[in-house]
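Protein chains in written order, with this note's numbering: chain A, 249 to 423; chain B, 121 to 526; chain C, 5 to 204. Every residue gets a Cβ at the ideal spot worked out from N, C-alpha and C, and that includes glycine. Predicted model, so just to flag it, every value in this text is computed and none were measured. Below is one structure; the comments refer to it alone.
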């Protein structure tokens with residue numbers, strides 16, 4: 249990843265210092281692109297890291313999403329989990345990322361850290377099949393509960409596998 | 121598939137006794153589009169509400185992975201369909217951030233004018249339909265009267281009144297003409313009167329005030345933790361607006377205020393929306409009077425931007441340029457990196473997380489929809505309210521199903 | 005004798021069939037049920053609002069209860085999760101009833117050729133009038149309602165016999181593109197095959 253346009257401001261240095269204090273022993277990889285600060289953290293320490301981010305001032309989870317890196321050039325991992333964080337007071341943003349591989353697609357839920365993670369995690373499960381342990385109401389969000397696949401994975405065809413037309417037909421005579 | 125009864129997690133069996141379950145939607149006039157609520161009622165009091173969504177999930181993000189950066193603008197249009205161009209502006213804002221394109225001043229100003237017109241568009245419909253749901257059809261007619269003028273302005277600029285698909289990477293489909301500028305000026309001149317009429321009909325209407333005040337209260341802490349943005353957060357006292365806090369387009373050049381309130385109830389949310397309309401008018405006025413001349417496409421970016429249509433039709437270089445920018449093997453190449461960029465859409469923070477994979481398509485085009493986060497807060501807002509308040513709260517957070525489900 | 009009757013009754017008597025009289029009544033008092041799911045729903049509102057004013061054509065009494073309506077306007081795309089709801093609402097509407105499929109998405113799936121979107125509601129419920137456009141302008145919707153009125157007037161019968169006659173959808177059977185995907189998958193086709201591009 250490129251290191252251009254780093255916004256190495258004082259606020260970031262402060263956050264880095266705070267995180268180094270609370271997350272001793274965890275390797276964080278910092279990078280920046282188009283003036284956006286990003287940090288890659290290990291999935292094994294997910295909940296600890298997220299709690300540390302919140303303690304460092306990032307009190308809002310703006311977005312939580314995943315990327316299937318199956319066809320991404322030179323990718324070594326299968327899934328990337330992205331937490332877009334925001335410090336509401338100062339307006340500072342941080343993109344925290346971690347990487348997951350099959351078959352172990354289970355991570356702890358962030359609902360205890362930010363309550364807004366609730367539906368975002370359910371959506372990630374719905375689309376990618378990543379399971380969030382400890383979520384209070386864990387099931388599919390958007391697709392029907394009986395749906396079998398995870399449509400945003402790269403090995404799922406865009407037109408589906410015929411699910412969209414698996415319904416009875418009502419003709420004029422029947423209605 | 122029968123509609124199954126959803127089990128609410130917050131209630132155990134002993135508390136459930138004596139409650140009754142009401143299914144609200146997915147086809148209900150106050151849901152505007154398609155969403156479903158399973159309400160737990162104690163008499164007329166709402167004890168709990170569980171939203172069930174996905175009745176309009178159409179696979180937007182999957183489409184974003186197969187269409188290129190310019191083609192996908194036709195799809196994002198259909199996301200928040202009561203302010204279509206706000207989505208286009210947000211999408212191309214993110215794409216331009218990924219590709220590192222700096223817009224020309226004229227393009228910035230035109231996009232800003234449209235973004236603010238869309239804010240008027242959105243707030244008018246939000247207020248108009250909510251009043252309709254609460255029993256008054258008149259304000260709805262007044263709101264749509266103004267919206268028709270905005271439709272005409274869009275149509276004059278882009279050729280389509282609804283789904284305009286007007287922005288392009290680094291530019292716009294067409295430049296605007298002088299009579300378009302006159303149209304916007306005329307609209308700005310007449311809008312304050314319509315606004316006063318509307319305000320008198322809605323915000324000073326005693327029935328409306330009584331049905332929305334102290335209903336659906338969202339505290340500041342809940343708003344922050346739940347990820348609320350835009351008018352919903354500002355009505356709860358979070359004075360955050362991306363137009364001021366992370367200036368994009370031409371917002372730095374204008375003088376305007378951020379509207380916020382401490383109330384946190386439905387009335388405060390409507391009040392914030394009403395006040396924002398006046399600020400939008402102020403911005404449009406400043407932008408239209410200072411509209412810079414010059415090209416609308418960013419120059420010197422090579423294949424990222426398509427050439428001006430007039431060049432394509434009148435010169436061989438322009439034609440070749442255009443061919444190259446649409447041919448799959450000669451198109452622009454996005455960097456192998458990802459970017460998150462957000463704009464202040466009428467409904468809140470509309471962000472896109474785009475991953476580029478060296479091709480002309482997004483490898484991943486994630487939308488961060490404001491409606492999703494707002495609707496997940498709905499059950500918090502509605503607890504303890506009456507059944508008839510459900511429509512007021514739904515109207516005040518302005519849920520757009522296509523943006524919610526994508 | 006005949007002139008005597010003429011003189012007494014004037015223009016107050018005319019001959020018609022019962023079918024035509026019933027159809028005239030039905031055509032001019034359509035009660036639409038807006039099944040508005042997406043963008044077209046906003047244009048539907050626009051059609052009913054002040055500028056375009058659908059009530060000029062006798063079909064503005066929008067009712068959201070299917071039991072009270074005889075015209076369903078499917079405005080917007082219908083997806084997997086919504087289709088059972090659509091079918092249920094269609095069955096709840098009393099006969100005689102008609103259906104307008106408004107917009108490209110309701111007619112054919114439109115730009116949303118994806119896993120979740122039903123590629124045309126006419127695959128699963130009968131449709132009388134198709135309105136193209138994404139979304140159709142209000143003028144187009146008004147035109148479609150006028151066309152439907154004409155259709156009801158021309159072909160309607162007092163006990164709705166015309167619906168009994170038309171069991172199957174009209175027109176040739178369409179080729180199901182999903183079938184192609186299923187055949188390919190059955191033959192051990194892999195999706196990461198570079199020759200296969202699901203879009204182009």
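Let me know if residue i comes out buried or exposed under the rule of 16 or more other beta-carbons within 10 Å of its beta-carbon.
i	result
residue 318/A	exposed
residue 52/C	buried
residue 309/B	exposed
residue 275/A	exposed
residue 529/B	No information on residue 529/B is available, as it lies outside the stretch 121 to 526 that chain B covers here.
residue 433/B	exposed
residue 367/A	buried
residue 33/C	exposed
residue 62/C	exposed
residue 343/B	buried
residue 6/C	exposed
residue 175/C	Since pLDDT at residue 175/C reaches only 46, below the 50 mark, its modelled position is unreliable, and no value is offered.
residue 326/B	exposed
residue 18/C	exposed
residue 504/B	exposed
residue 21/C	exposed
residue 321/A	exposed
residue 477/B	buried
residue 31/C	buried
residue 447/B	exposed
residue 292/B	buried
Is residue i helix, strand or coil by DSSP?
i	result
residue 279/A	strand
residue 42/C	coil
residue 211/B	helix
residue 164/B	coil
residue 465/B	strand
residue 415/A	coil
residue 398/A	coil
residue 327/A	strand
residue 290/A	coil
residue 265/B	helix
residue 175/C	Any reading at residue 175/C must be qualified, since the residue scores a pLDDT of 46, below 50, and its modelled position is unreliable; no value is offered.
residue 108/C	helix
residue 287/B	strand
residue 143/B	strand
residue 72/C	helix
Taking the alpha carbon of residue i as the point to measure from, which residue in the options has its own alpha carbon closest?
i	options	result
residue 375/A	291/A, 305/A, 263/A and 312/A	312/A
residue 147/C	126/C, 139/C, 135/C and 156/C	135/C
residue 417/B	409/B, 427/B and 410/B	427/B
residue 384/B	472/B, 301/B, 357/B and 376/B	357/B
residue 398/B	239/B, 436/B and 227/B	239/B
residue 189/B	496/B, 453/B and 510/B	453/B
residue 150/C	60/C, 72/C, 37/C and 46/C	60/C
residue 247/B	365/B, 261/B, 350/B and 234/B	261/B
residue 234/B	217/B, 214/B, 276/B and 216/B	276/B
residue 24/C	190/C, 155/C, 189/C and 167/C	155/C
residue 360/B	223/B, 469/B and 263/B	469/B
For residue i, which residues in chain C fall below 7 Å Cβ to Cβ?
i	result
residue 261/B	53 and 54
Residue i touches chain F at which residues, Cβ-Cβ below 8 Å?
i	result
residue 492/B	Absence of chain F from the displayed structure is noted, the protein chains being A, B and C.
Under 8 Å between beta-carbons, which chain B residues line up against residue i? List them in chain order, please.
i	result
residue 336/A	344, 358 and 360
residue 39/C	147
For a contact meaning CB atoms closer than 9 Å, what does residue i contact in chain A?
i	result
residue 117/C	406 and 407
residue 26/C	Neighbours of residue 26/C on chain A: none; closest Cβ ~18 Å, over 9 Å.
Using a Cβ cut-off of 9 Å, pull out every chain C residue sitting near residue i, in sequence order please.
i	result
residue 451/B	Per Cβ cutoff of 9 Å: no residues; residue 451/B is ~14 Å from chain C at best.
residue 415/A	84, 87, 88, 91, 122, 127 and 128
Interface residues of chain A around residue i at Cβ under 7 Å?
i	result
residue 75/C	Ordered by position in chain A, no residue passes the 7 Å Cβ test against residue 75/C, which lies about 14 Å from the chain.
Just to check my reading of the structure: residue i and residue j have Cβ atoms closer than 8 Å, yes? What is that Cβ distance to the nearest angstrom?
i	j	result
residue 370/A	residue 388/A	7 Å
residue 195/B	residue 175/B	With a Cβ gap of about 19 Å, residue 195/B and residue 175/B do not count as contacting.
residue 131/C	residue 82/C	Actually they are not in contact, since the Cβ atoms of residue 131/C and residue 82/C sit about 12 Å apart, beyond 8 Å.
residue 185/B	residue 370/B	At roughly 31 Å, the Cβ-Cβ gap does not stay under 8 Å, so residue 185/B and residue 370/B are not in contact.
residue 323/A	residue 287/A	That pair is no contact at about 19 Å.
residue 463/B	residue 362/B	6 Å
residue 264/B	residue 50/C	6 Å
List the residues of chain B whose Cβ lies closer than 7 Å to the Cβ of residue i, in chain order.
i	result
residue 47/C	282
In chain C, which residues lie with their C-beta within 8 Å of the C-beta of residue i?
i	result
residue 202/B	46
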